[in-house]
Structures are given as C-alpha cells and as structure tokens.
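> Residue numbers (this note's numbering), protein chains in the order written: chain A, -16 to 315; chain C, -16 to 315. We treat Cβ as the ideally placed atom computed from N, Cα and C, and that holds for glycine. The structure presented is a predicted model; accordingly, all values stated were derived computationally and were not measured.
2 protein chains.
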Amino acid sequence: MEGRDSGRGRNAGTGEGTGGTVADVGEFGLIRDVTGRQQPPAGTVVGPGDDAAVVAAPDGRVVISTDVLVQGVHFRLDWSSPEQVGHKAAAVNLADIAAMGARPTSLVVGFGCPADTDVAVATGISDGLTAQAARVGAGIVGGDVVRSDQLVVSVTALGDLGGRAPVTRSGARPGHIVAVCGRLGWAAAGLAVLGRGFRSPVGVVNAQRAPEPPYTAGPAAADAGATAMIDVSDGLLADLGHLAEESDVGIDLATDSLEVDRKLVDVANALGADPMRWVLTGGEDHALVATFPSFVDLPQGWRQIGTVLMPDTGVTVDGKPYDGDIGWEHWR
Amino acid sequence: MEGRDSGRGRNAGTGEGTGGTVADVGEFGLIRDVTGRQQPPAGTVVGPGDDAAVVAAPDGRVVISTDVLVQGVHFRLDWSSPEQVGHKAAAVNLADIAAMGARPTSLVVGFGCPADTDVAVATGISDGLTAQAARVGAGIVGGDVVRSDQLVVSVTALGDLGGRAPVTRSGARPGHIVAVCGRLGWAAAGLAVLGRGFRSPVGVVNAQRAPEPPYTAGPAAADAGATAMIDVSDGLLADLGHLAEESDVGIDLATDSLEVDRKLVDVANALGADPMRWVLTGGEDHALVATFPSFVDLPQGWRQIGTVLMPDTGVTVDGKPYDGDIGWEHWR
Chain A
-16 MEGRDSGRGR NAGTGEGTGG TVADVGEFGL IRDVTGRQQP PAGTVVGPGD
34 DAAVVAAPDG RVVISTDVLV QGVHFRLDWS SPEQVGHKAA AVNLADIAAM
84 GARPTSLVVG FGCPADTDVA VATGISDGLT AQAARVGAGI VGGDVVRSDQ
134 LVVSVTALGD LGGRAPVTRS GARPGHIVAV CGRLGWAAAG LAVLGRGFRS
184 PVGVVNAQRA PEPPYTAGPA AADAGATAMI DVSDGLLADL GHLAEESDVG
234 IDLATDSLEV DRKLVDVANA LGADPMRWVL TGGEDHALVA TFPSFVDLPQ
284 GWRQIGTVLM PDTGVTVDGK PYDGDIGWEH WR
Chain C
-16 MEGRDSGRGR NAGTGEGTGG TVADVGEFGL IRDVTGRQQP PAGTVVGPGD
34 DAAVVAAPDG RVVISTDVLV QGVHFRLDWS SPEQVGHKAA AVNLADIAAM
84 GARPTSLVVG FGCPADTDVA VATGISDGLT AQAARVGAGI VGGDVVRSDQ
134 LVVSVTALGD LGGRAPVTRS GARPGHIVAV CGRLGWAAAG LAVLGRGFRS
184 PVGVVNAQRA PEPPYTAGPA AADAGATAMI DVSDGLLADL GHLAEESDVG
234 IDLATDSLEV DRKLVDVANA LGADPMRWVL TGGEDHALVA TFPSFVDLPQ
284 GWRQIGTVLM PDTGVTVDGK PYDGDIGWEH WR
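1. For A:Ser277, collect the residues of the same chain with a Cβ closer than 7 Å to its Cβ; drop the 5 residues on either side in sequence, then sort them by chain order.
2. Mind pulling the chain A residues with CB within less than 8 Å of C:Ala36?
3. Which same chain residues, not among the five before or five after C:Pro258, have their C-beta less than 6 Å away from its C-beta?
4. Sorted by chain position, which residues of the same chain lie with C-beta nearer than 6 Å to A:Ala205's C-beta, five sequence neighbours on each side aside?
5. State the Cα-Cα distance for the pair A:Thr210 and A:Gly284, rounded to the nearest angstrom.
6. CB A:Thr139 to CB A:Thr4, shorter than 7 Å?
7. A:Ala40 to C:Gly145, Cα distance in whole Å?
8. With distance defined between alpha-carbon atoms, name the residue in C:Gly201, C:Pro294, C:Ala193 nearest to C:Trp62.
9. Compare the C-alpha of A:Ile213 against each of A:Val279, A:Gln115, A:Ala81 and name the closest.
10. Using only the alpha-carbon positions, how far apart do A:Leu236 and C:Asp99 sit?
11. Using a C-beta to C-beta distance shorter than 7 Å, which residues of chain A count as neighbours of C:Pro41?
12. Name the chain C residues that come within less than 7 Å of A:Thr331, Cβ to Cβ?
13. Given C:Asp(-12), which residues of its chain have a CB within under 6 Å of its CB, disregarding the five upstream and five downstream residues?
14. Residues in the same chain with beta-carbon distance under 8 Å from A:Thr106, minus the five sequence neighbours each way, listed in chain order, please.
15. Find the nearest neighbour of A:Ser240 within the set A:Ser216, A:Ala25, A:Asp301, A:Ala227, judged by alpha-carbon distance.
16. Three-state secondary structure (DSSP) at A:Pro87?
17. Considering only the alpha carbon of each residue, which of C:Phe58, C:Asp280, C:Ala273 lies closest to C:Thr290?
18. Thinking just about the alpha-carbon of each residue, which of A:Pro23, A:Trp169, A:Thr27, A:Val46 is nearest to the one in C:Pro31?
19. Are there 16 or more other CB atoms within 10 angstroms of the CB of A:Gly111, so buried, or fewer, so exposed?
20. Nearest-angstrom Cα distance between C:Gly125 and A:Arg130?
21. So, with DSSP's three-state summary, where would you put A:Asp101?
22. So is A:Lys303 buried or exposed if we call it buried at 16+ other beta carbons inside 10 Å?
23. DSSP state of A:Val298, grouped into three classes?
24. Give me the residue from C:Asp280, C:Cys96, C:Val176, C:Pro24 with the minimum Cα distance to A:Val56.
25. Anything in chain A within Cβ reach of C:Gln133, meaning under 8 Å, just list it in chain order.
26. For the stretch 66 to 85 of chain C, enumerate the residues whose C-beta is nearer than 9 Å to any C-beta of chain A, in chain order.
27. Among residues of its own chain, excluding the 5 on either side of A:Asp295, which ones have a beta-carbon nearer than 8 Å to its beta-carbon?
28. Let me know the secondary structure DSSP gives C:Gly93 once reduced to three states.
29. Measure the Cβ-Cβ separation of C:Ser89 and C:Val136 and say whether it is below 7 Å.
30. Per DSSP, which one or two residues make a beta bridge with A:Pro304?
31. Is the shortest distance between the beta-carbon of C:Thr106 and the beta-carbons of chain A less than 7 Å?
32. Within 7 Å of any Cβ in chain C, is that where the Cβ of A:Met(-16) sits?
33. Does any residue of chain C have a CB that is nearer than 7 Å to the CB of A:Thr199?
34. Mark C:Val22 as exposed unless 16 or more other C-beta atoms lie within 10 angstroms of its C-beta, in which case mark it buried.
35. Do you know how far the Cα of C:Ala74 is from the Cα of C:Pro170?
36. Counting only runs that start and end within the stretch -3 to 57 of chain C, where is the alpha helix (DSSP H) found for 4 or more residues in a row?
This is how it looks when you write it as structure tokens:
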C-alpha cells in the first residue's frame, strides 16, 4: 500500500484535536492521526503500517466486496457528518458480505481528498467506519491516502463463511418463498426529505445518512437454508430483478405483506409522495432479501413478501408488472 | 458491491468494439463490457456478478493491500494508455503482496469516471489490470463502478502466504545485510523525460508508465530467510527509512554496489540530471528491498546494497546522511 506508514515517520501529524488541513499534517501525519484512533480487529495477524495487512481466514475461503463512495454522488457533507459518511461506507460493504451468508472480519480503506480538507473530516470518516465495523466485530486493517479533487472513500471488506456454502443470487427455484429482513424505503424517504431542504424527521433522514443493515441476518439466513440472497442497495424491485435473472426465475411480491411504517406514510403525506414506491424502488437501506424453500421456518426478523415463480413473468407486484422506474443506475 | 451485476441486465452494453461513452452503455452495460473480457483466476469460488466474491485462502490467512490511483496525480492519459494505467494499478498492489512474501491471488477494482468517459478507457484499464495480474496467476474477481468527476482506479489485492511467516518491515537487526531485487530509478527517469515533453527513450518512459516489479522475488526472499522487506514505492531512501524505523535500526547503503544502468546515465546526461539521485530517491519502480542474515545465499536476482547498523545513524549513504529530498509524499 503505497504511502502507508506506521505514522512514526518524520512528518508527524498535528495530533488529535489540533485541527488543520491534510496539507498541514502531510500524508504520513494523516495516516498517523487516522490509525492512532483505532485498534485492528481480532484475527489481525499484521495490521496497518506495513506493505499489506494479514488477516485470519479460518474458513479457508475469503469473501471480498468493494464499494466506492464519491462526494456529491453517494454523500454530501452538508447533509451528513464525516462520521455518518464513514458509517455508510462501512455499511454498504458489510451488507454485501452478510448477503453472501458470511461474517465481516476486516476492512481496508482508500481515501482521497483535496489538500485543503480538514483533518477532522478524515478522522471523522475513519471513526464512522471503525464504529460501524465494530458492530460486527470487524475493523480497519489497512489503507491508502491520496490526493484527489473530490472526496472519495473506497472500502473493501473481507468476510469469513465459517464453513457455510456462500449464498449467491442464482439458487432461487419456483415454489420457494421470498423474504426480507431490514428496512425498505426509509433511505429513499430520507433522501426526499433532504432533497427538499428539510432535516427532519430524523428517523428517515438518518436512515439515508447512516443505514443500519441487519448484518447478522445474513449468516442466520444461510444457516436456515436460504437458497439465494442479495442486499437491497439499488431498490427492492431492481435487486430482486438481479436475483431473478441470475436464478432464471420469476418473482411476485404481495404488497399487503410489505408493511409500510407509519413514519414513512407521514413523510409521504407531507411531501405528496407514494410510500409504497419508496418501499419497492428505494435503495440504500441495505435490507437483505432472500429466497427459502417453502417449508423453512424463517429466522428471527425475516418476513415473507413474495413467492418464486417460473421465469416467464419477471418480477411482478401483486401479479402485475410494476409501472415506473425500478431503481438506481449510475450515468443514467 | 453496490451496482455490481452479471451484465445480463436490462441495460445491455454496446458490446466490444462499438465505442461510445459510459453514459451510452450505463452502469450495468459497462460492467458487462468489462467483466465479459476476462476470466476469474484459479481459486475463485464465486466470481464477478454477486454481492461479493469468494476466493480460496488455502493458507488460512489472507494478505490484503489497497492502493488508489487518481488521474493527474498517479497517471495521465496523455502520457499512458488505458492499458498502461491498468497495468500500473495492478503492479503497485501486487508488489505490496509480494513484499510480504506472499503470492497474489485476486484483485477487486473500484472504478470511478465521468459520464463522458469512453468505454474504451474503462475496458483498456481492465485489460491492463487483467494482463498484469495474469503474470502471477491472479485476476479480477469483482468490483464497483461509480460516477466521479476525476478518473479513479482503486485496487485491492489479496495474496496467499503458502505457509510462510509474513515478512514485515520490523525484523531487520544490526549485522543483517540489505539487498534489492528489481529496478531503481527507472520510473523517476521516465517521469523526468515525460515531464519535459519527450516520449523516449521508451525503456525509461515505459518503466514509469507500466512498472514491472519482481513479484516472485518476494516469496523467494521469504523462503531464503528475509528478515524484513518493503517495496520501493516512494523511493529507496524513503522506504528504507520506513523499514529502519519499524525495525529500530540504522542502515548504510554503499553507492558502489548500486549499479546505475547505462540507459539511466544517458538520460541523465541528456537532461542534466544526477542518475544516482533517481536510484536513491525515485519511487514507482516497485523493486523489493529486504534484509537477510549475513550468512544467507541471496536468491536469484537479489544483490547486496548495504548493511544494517545500530539505530543511532538512521539511513545513510556511504556512511553520511543523504543531502536532499528523499521521496514522495502526498499534499507536500
């Protein structure tokens, strides 16, 4: 990792609480300021400060996922605190690991920013990453800091399957049930609120700023016999579309099983929006959606929302094609 | 990995050879165009197209390194082809894995670019990454593509130790010898040439555009008993400074053992530069430098360039402190 350093180099950081920009403290000072704030997680053989980190992979296979968050595209620092940006950058990756049925173990972080960026932005993002990763016993084991015009946070997460078979997108079969664990539509409601200049209700706004995916529900679903799984990052219909395509099946959702929280209804009423549209097409909550054989007792927190059909029908809602845009895609 | 997709989605890419921008083909079309061009490496349990990849980690530990390359900072598309940018993005990471004494197994790639970026730039970078990784039997197993103002390539590499102890920066002891494998100063000479508007001699220019680190020399050094190792990304003196600091030792280099290739001398004469300065302070060749007990027979390609001393002296050259800037740091 070019430029990684233990932080005891000749260009010392300003240290916690003294402020300043990344140009003031320099690359190695910034690395010291960031890495000095956290301990590597259990299972770390070699932590930050060497050419590469070494992490235990007890399963003999390692799960790996990467996501890049860009300022102005994935987050706005006038909408979110640096800690919330870090939280979100961790969450999107940890949810991907969970969606394979694995337990996240560690993160590496690539961080790019302009020279006039406050050190507090970098340390805040690092703190948010660390705190969210700690929720599942994971942590940061390495990284890279570089100069860039736009703030960029690139996170790669590793996970351990603990002997489980990975749950891919391709194992759904007609007759299976479709179930979800976690929130749907909350982050989309929060985005609608923020986009109109409001900062409350804080429940939906924070769902957008700092999602709370149900990480442990992934391995639990795998243990219960989930046949296919995906995390809802682009939107329920869009992501079930990916799953249906990979499994070569159709899926029908029953809207009467998609509970719409009272808070979403209130926000939708205030904004003149359709809360069911948020539930069906809103991304970024990182709920987990999976298919199971129909005889399975669903694990805690999972609820049935649909059924797997023959491939001809695609993804339908109450037996009909959905009318409208179904999810997010870059450059469209 | 948000937005990752098998590429068989509703937004099909334009396909190979038809040109266009990433906005023309869309996120999922771009992913199809990129992933359709390469096969995942041996040891891939789940490859591109799912929430996360799954890779064999036969050692039970996994080595992980990440580096972010930013257009205008780490590469210029008027100086390098997209394939060379991909080559370099792979090389900087694979060298970090090698410097731990490990064998690279797989890469994940985060790719950010503006909407008007040619698809050929993305596929070229992917081809360069794939070709360089293939040199060591590794390959791309997953990634993320996002919109950004500046072209950004964020690579994370995994490696396997094959039962070896990781070779860190901290194991050098007084009395050990310092040895190097690979080129020194070539990329710096190439940068000087390119910076003055020239495109030749091609040997040094291509060393800057597309470095060729001695990947297999890393595990070979570990097998031979290397006590500490680092890849020369910032410059020989700077990186030996990191190693000396982590090991709490001093290091003295003997310039008469640092061979300066005739090509470097010629370029230096033409530009009025000092070739030994390139050798001592030039980064980006990603040579490997390591310490060994003095009784060790150095593996093929390694040559002694110095000795490990007591910590008081820092890193010296022919017994004296080096006069000048010793290496690269961001935001300085």
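Well, looking at it:
1. Cβ within range, chain order: Gly158, His159, Ile160.
2. Under the 8 Å cutoff, chain A gives Val46, Ile47, Ser48.
3. Only Val243, Leu247, Val248, Ala251 meet the Cβ criterion.
4. Only Gly84, Arg147, Val150 meet the Cβ criterion.
5. Spanning the two alpha carbons is a distance of roughly 17 Å.
6. Taking 7 Å as the Cβ cut-off, A:Thr139 and A:Thr4 do not qualify as a contacting pair.
7. Between A:Ala40 and C:Gly145, the C-alpha separation is close to 13 Å.
8. Checking every option, the nearest Cα to that of C:Trp62 belongs to C:Ala193.
9. Selected option, being the one with the closest Cα: A:Ala81.
10. Rounded to whole angstroms, the separation of the alpha carbons of C:Asp99 and A:Leu236 is 37 Å.
11. Think of a sphere of 7 Å around the beta carbon of C:Pro41: the chain A residues whose beta carbon falls inside it are Gly43, in chain order.
12. Residue 331 of chain A lies beyond the stretch modelled for chain A, which goes from -16 to 315, so this question has no answer here.
13. Annotation note: pLDDT 36 at C:Asp(-12) (below 50); position unreliable, no value reported.
14. Shown here for A:Thr106: same chain residues with a beta carbon closer than 8 Å to its own, the five before and five after excluded, namely Glu(-1), Asp16, Val17, Arg20, Pro65 in chain order.
15. Checking every option, the nearest Cα to that of A:Ser240 belongs to A:Asp301.
16. DSSP places A:Pro87 in strand when its eight states are reduced to three.
17. When only C-alpha atoms are compared, the closest one is C:Ala273.
18. Nearest C-alpha to C:Pro31: A:Val46.
19. Burial call: buried.
20. Whole-angstrom Cα-Cα distance: 25 Å.
21. Strand, per DSSP.
22. With fewer than 16 other Cβ atoms within 10 Å, it is exposed.
23. Strand at A:Val298.
24. Ranking C:Asp280, C:Cys96, C:Val176, C:Pro24 by CA distance to the CA of A:Val56 puts C:Cys96 first.
25. The contacting residues are Ser131, Asp132, Gln133.
26. Result list: Val75, Asn76, Ala78, Asp79, Ile80, Ala81, Ala82, Met83, Ala85.
27. Excluding sequence neighbours, A:Asp295 sits near Gly233.
28. For C:Gly93, the three-state secondary structure derived from DSSP is strand.
29. In this structure, C:Ser89 lies away from C:Val136, with their beta-carbon atoms at least 7 Å apart.
30. In DSSP, A:Pro304 forms a bridge with A:Thr299.
31. It does not; no Cβ of chain A falls within 7 Å.
32. Note that A:Met(-16) has pLDDT 48, beneath the 50 cutoff, so the model's placement of it is unreliable and the number below is only indicative. The Cβ of A:Met(-16) sits closer than 7 Å to at least one Cβ of chain C.
33. Output row for A:Thr199: interface = no.
34. At residue 22 of chain C the sequence reads Gln, which differs from the Val that was named. Counting Cβ neighbours within 10 Å, C:Gln22 comes out exposed, since fewer than 16 surround it.
35. Note on identity: in this sequence residue 170 of chain C is Ala, with Pro being the wrong assignment. Answer to the nearest angstrom: the Cα atoms are 13 Å apart.
36. The qualifying runs are 5 to 18.
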